[in-house]
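Below is one structure, written out as structure tokens; the observations come after it.
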Amino acid sequence: MRKTLFLTAALGLTMGVGTAAMADSPWTGGDNLPTSPLACDNTPGAAAAMPYDGGAVTGAPDLKGKPIKVVDVPKLIGIGYFNATSKGIADAAKELGNVDAKTDGPTQANIDQQVSFLDNYITSGVNGILFAANDPVAIAPVLKKALSKGIHVVGYDANSQPDAREWFVNQAQFNGIGKALVDDMAKEIGEDGAFAIVTSTFTTPNQARWIAEMAAYQAKCHPKMKWLETVEAQEDNNLSFNQATTLINKYDDELKGIFGMTSVATPASAEAVTQANMCGKIAVVGLATPNAMKPYVAKDCVKSVVLWNPVDLGYAAMYVLRAVVDGDLKPGAKSVKAGKLGELQIINGSEVLLGAPTTFTKENIGNFDF
């Protein structure tokens, strides 16, 4: 039996998801969107052509080529991931030369606080808003208010309802993330291994969609793997550590792997595995910044980390917003220019695709600094 670690914070809600249950009623993260699992043999998927489904701004002034004021309100500030997206936004604003951009927001991933920040900036006056939503539905009214006031709205990282913003910069297609994570886990724990997930909340839009696609892909391509449980940990380091520790103690030798679905949950899960002396016995696969994971990768406690470059994500979002303000990005467009990133593809009607995720390993993680 493993040594039980003491908990230091209250535990969040948990939801058990068994393989058989998923087959009968796939978990789709609290929404009714269909899943589209990629091919098991790595055949590339194709994004279906869809009409523009974003929102429309009302009475926006003609600011083509003119200085604009932009606020970025992410899920929360003060963590490495959104520090990196903020840097990308600042880099792009400096490069463009006609953008005054700042990042501001709550210090906790709280949708009510995020809405308050957005409302305050709508009142104080900005020309554009960038956001990463804590909740796709709850954030929609304040974003629609911004559009009605002539303020351009572009999302990144975590989407809102499509008609509450004009465009969304998607870091990678949800099914691509799902496939990369599940394939990496299968390599580490085998085709019949059991795993659990530590996520933020069940309704956080990007994590919910990734998990839905993971469920569909796992059922299709790795059907003998066993999904034990999914637990919430907000975007909180202590709670993420405690939830991972609880999973380790609860499932004992049955648990072979933990997925971290946030840049906080993944290093916290790796730390929980480390403190339980289970490195090499419990795999940790997840989404996180390379810098946060380097210590665990260096000592072989974590084999792979999946992510995109969040600096590039913020950079792309700023270029997309500038293009919208200038009238260079309109409904029906197939691509958009994004500075040093070149032409970015538009998919799903109103999403700008950053690109495929990267898997960081011991061989390449040292080449990245964010």
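Just so we're aligned: the sequence shown equals residues -23 to -1, 1 to 347 in mature numbering (1 follows the signal peptide of the UniProt record, and there is no 0).
Beta carbons: idealized from backbone N, C-alpha and C, even for Gly.
- Nearest to ALA242 by alpha-carbon distance, out of TYR58, ALA123, ALA149, is TYR58.
- For SER312, the enclosing beta strand (DSSP E) stretches over residues 312 to 314.
- Contact check for LYS64 against GLY291 passes: the beta carbons are separated by less than 8 angstroms.
- Between the beta-carbon of ILE225 and that of ALA249 there is about 6 angstroms, and that keeps the pair under the 8 angstroms contact cut.
- Secondary structure of SER246 (DSSP, three-state): helix.
- A Cβ-Cβ distance of about 6 angstroms is found for the pair GLY127 and THR35, placing them in contact under the 8 angstroms criterion.
- Taking a cut-off of 8 angstroms on C-beta distances, the segment 64 to 81 does not touch the segment 142 to 151, as fewer than three cross pairs fall below it.
- By the neighbour-count criterion, in which 16 or more other beta carbons inside 10 Å mark a residue as buried, SER177 falls on the buried side.
- A direct Cα-to-Cα measurement between GLN252 and ASP229 gives close to 15 angstroms.
- In the structure shown, GLN195 adopts helical secondary structure according to DSSP, grouped into three states.
- If you draw a straight line from the Cα of ALA173 to the Cα of THR239, it comes to about 14 angstroms.
- Distance check between GLU340 and each of GLY32, TYR133, LYS271, ALA157 places LYS271 closest, using alpha-carbon atoms only.
- Beta-bridge pairing by DSSP links GLU328 to PHE145, ILE324.
- Judged by DSSP secondary structure, GLU72 falls within the alpha helix (DSSP H) whose first and last residues are 57 to 73.
- Under the three-state reduction of DSSP, ASP160 is assigned to helix.
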